[in-house]
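J.:
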Amino acid sequence: MVLCVPVLFHPSKPISRLSGISYFIDRDHRFYTLQVPWDEHTGIIRSNDGETEHDNKHLLATALRDEVHDEPHPDRLRGLVVHDRCWQVLRKHRIWKRSGEDIDQITRALLSRTARDWERTPLIPLALDLNEHWRNPIASEETDPLHSRYVQYLICRARRRTHRRFKVMQNRQKNHLNRLPGEVLFLIADLLQSPEIVAVQQAIGTYLGDVYWRSRIPMDLFHELRELLDQTLDWEFLCLELEKYNIEYPDDVDEIPAPFNQLLGRKWVLEQLDEIEHFVS
Numbered sequence: 001m002v003l004c005v006p007v008l009f010h011p012s013k014p015i016s017r018l019s020g021i022s023y024f025i026d027r028d029h030r031f032y033t034l035q036v037p038w039d040e041h042t043g044i045i046r047s048n049d050g051e052t053e054h055d056n057k058h059l060l061a062t063a064l065r066d067e068v069h070d071e072p073h074p075d076r077l078r079g080l081v082v083h084d085r086c087w088q089v090l091r092k093h094r095i096w097k098r099s100g101e102d103i104d105q106i107t108r109a110l111l112s113r114t115a116r117d118w119e120r121t122p123l124i125p126l127a128l129d130l131n132e133h134w135r136n137p138i139a140s141e142e143t144d145p146l147h148s149r150y151v152q153y154l155i156c157r158a159r160r161r162t163h164r165r166f167k168v169m170q171n172r173q174k175n176h177l178n179r180l181p182g183e184v185l186f187l188i189a190d191l192l193q194s195p196e197i198v199a200v201q202q203a204i205g206t207y208l209g210d211v212y213w214r215s216r217i218p219m220d221l222f223h224e225l226r227e228l229l230d231q232t233l234d235w236e237f238l239c240l241e242l243e244k245y246n247i248e249y250p251d252d253v254d255e256i257p258a259p260f261n262q263l264l265g266r267k268w269v270l271e272q273l274d275e276i277e278h279f280v281s
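Number 159 in the UniProt record's numbering belongs to position 159 of the sequence shown; there are no gaps in the numbering.
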C-alpha cells in the first residue's frame with residue numbers, strides 16, 4: 001500500500017491546501033485525475049470492483065494530476081501527489097518554518113525556479129540506479145521512497161549493543177582530563193573527530209552520554225532516527241557507523257556500492273529543498 005498526500009491548488013484561484021488521503025487500486029495508477037477528500041483529516045479507499053459511487057460525493061474534490069506534462073488548464077483544480085515520507089521530510093526542513101507552514105508559498109517557490117533550472121538539475125540524478133517506480137511513486141510497491149535498508153540494519157545492531165555503552169567506565173584511570181568540568185570536556189570533544197572522542201572516553205573511563213552522541217548525527221539526513229530519540233540504543237556506535245556511511249564518492253567513480261547509493265537519493269532531495277528555500281519570501 002502506498003500512502004500519499006495530495007496537495008490541491010488552482011492556477012487562477014486562491015486555492016492551495018492539503019487534501020485528505022485516497023488509496024488507489026492498480027487501475028487508478030494511470031488516471032489523469034485524482035478524487036480526494038477536501039478535508040485533510042479524511043481518507044477514502046476505492047473498492048476493487050471498480051465502483052466509483054460514493055455516499056458523500058460532495059465531500060470529494062476532482063483534480064487533474066500535476067504529473068501530467070501538459071499546459072495547465074486555467075480553470076481546473078490540480079493535484080500534486082506527495083509521498084507521506086517526503087511530506088514528513090518537507091515539514092522537518094527549514095523551508096517549512098520559513099514559509100510559515102504555508103503550502104501556497106512553497107508551491108510558488110517551486111514555480112519560481114525556471115525550466116532551465118530544473119533541466120540543469122535532472123529530476124533523477126544520473127548516479128542513482130533506481131527502478132522505474134521512482135519516476136512514478138504512485139505505482140511503487142516500496143512504502144518509503146527514501147528508504148535505506150542499511151540504516152535499518154544499523155539501528156537493529158545499535159539496539160543489540162545497548163549494554164556496551166558503559167563498558168568504558170570499567171577501566172577508569174586517573175589523569176588530568178578527569179579533573180576537567182563536564183562543560184569543558186564537551187567543548188573539547190566538539191573539536192575532535194568521533195574516533196578520537198572514543199579514545200578520550202576510554203582514556204578517562206567516561207561515557208559522554210546518549211544525548212551527546214545523538215547530537216553528532218545529522219537528523220535531517222537520517223530522518224528515521226527522529227522517531228527513536230526516546231529509545232535506548234548504542235548511540236555512540238550508531239553515530240560512528242553513520243559517519244562511515246555518509247561519505248562522499250568522487251564524481252569519476254563508475255559504480256557506487258548499493259548501500260551508499262541509497263543515501264544519494266535523500267541527499268539530492270535535501271539539496272533541492274535548500275535551493276527552493278531561497279525562493280520563499
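Idealized CB from N, CA, C, for every residue including glycine. The model shown is predicted, which means the values in this text are computed figures rather than measured ones.
Give me the Cα-Cα distance between L110 and R216, rounded to the nearest whole angstrom.
T.: The count along the sequence shown starts at 1 and reaches residue 110 at position 110. The count along the sequence shown starts at 1 and reaches residue 216 at position 216. Distance between the alpha carbons of L110 and R216 is about 31 angstroms.
J.: Considering just the uninterrupted stretch of the beta strand (DSSP E) at Q231, what are its terminal residues?
T.: Counting from 1 along the sequence shown, the entry for residue 231 is found at position 231. Counting along the chain, Q231 falls outside any beta strand (DSSP E), and DSSP gives it neither H nor E.
J.: Looking at the secondary structure, which residues open and close the beta strand (DSSP E) in which S281 lies?
T.: Reading the sequence shown from its first residue, position 281 is the one you call residue 281. Run containing S281: none; DSSP gives neither H nor E here.
J.: Which class does D194 belong to by DSSP, given the choice of helix, strand or coil?
T.: Numbered from its first residue, the sequence shown carries residue 194 at position 194. In the sequence as displayed, the identity of residue 194 is Ser instead of Asp. Helix at S194.
J.: Among the residues of its own chain, which have a CB less than 7 angstroms from the CB of L18, if the five just before and after it don't count?
T.: Reading the sequence shown from its first residue, position 18 is the one you call residue 18. So the list reads V5, V7, E40, I103, once near-sequence residues are dropped.
J.: Taking the alpha helix (DSSP H) that T107 belongs to, which residues open and close that run?
T.: By 1-based counting over the sequence shown, the position of residue 107 is 107. Note, T107: alpha helix (DSSP H), 103-112.
J.: Please report the straight-line C-alpha distance between L185 and R91, rounded to a whole angstrom.
T.: Here the question's residue 185 lines up with position 185 in the sequence shown. Here the question's residue 91 lines up with position 91 in the sequence shown. So the alpha carbons of these two residues sit roughly 34 angstroms apart.
J.: Can you list the alpha helix (DSSP H) stretches of 4 or more residues lying completely in the segment 72-99, in chain order?
T.: Every unbroken stretch of the alpha helix (DSSP H) spanning 4 or more residues and falling wholly within the segment 72-99 is given here in chain order: 84-92, 94-98.
J.: Alpha carbon to alpha carbon, how far is L240 from S194? Give it in angstroms, no decimals.
T.: On the sequence shown, residue 194 is found 194 positions in, with the first residue counted as 1. On the sequence shown, residue 240 is found 240 positions in, with the first residue counted as 1. Cα-Cα distance, rounded: 7 angstroms.
J.: If you follow the alpha helix (DSSP H) that I155 is part of, which residue opens it and which one closes it?
T.: The residue given as residue 155 occupies position 155 in the sequence shown. Looking at the DSSP string, the run of the alpha helix (DSSP H) that includes I155 is 149-160.
J.: In chain order, what residues of the same chain have a beta carbon less than 7 angstroms from the beta carbon of V151, not counting five sequence neighbours either side?
T.: Translated into positions along the sequence shown, residue 151 becomes position 151. Within the same chain, Cβ atoms closer than 7 angstroms to the Cβ of V151 are found at F222, E224, the five residues on either side in sequence being excluded.
J.: Going straight from the alpha carbon of P122 to that of I188, what length do you get?
T.: Residue mapping note: residue 122 aligns to position 122 of the sequence shown, counting from 1. Residue mapping note: residue 188 aligns to position 188 of the sequence shown, counting from 1. Note that P122 has pLDDT 42, beneath the 50 cutoff, so the model's placement of it is unreliable and the number below is only indicative. Distance between the alpha carbons of P122 and I188: 42 angstroms.
J.: Going by DSSP in three states, I204 sits in which element: helix, strand or coil?
T.: Within the sequence shown, the letter at position 204 stands for residue 204. In the structure shown, I204 sits in a helix (DSSP, three-state: H, G or I).
J.: Just the Cα atoms here: how many angstroms apart are residue 297 and Y153?
T.: With the chain covering only 1 through 281, there is no way to say anything about residue 297.
J.: Please classify I247: is it buried, with 16 or more other beta-carbons within 10 angstroms of its beta-carbon, or exposed?
T.: As a working mapping, residue 247 is identified with position 247 in the sequence shown. Exposed: under 16 other Cβ atoms inside 10 Å.
J.: Three-state secondary structure (DSSP) at R216?
T.: If you number the sequence shown from 1, residue 216 lands on position 216. Three-state DSSP puts R216 in coil, outside helix and strand.
J.: Can you tell me the Cα-Cα spacing of G79 and T42, whole angstroms?
T.: Here the question's residue 79 lines up with position 79 in the sequence shown. Here the question's residue 42 lines up with position 42 in the sequence shown. Straight-line Cα distance between these residues: approximately 16 angstroms.
J.: Within 10 angstroms of the Cβ of E236, are there 16 or more other Cβ atoms? Answer buried if so, exposed if not.
T.: Taking the sequence shown and counting its residues from 1, the one referred to as residue 236 is at position 236. Label assigned to E236: buried.
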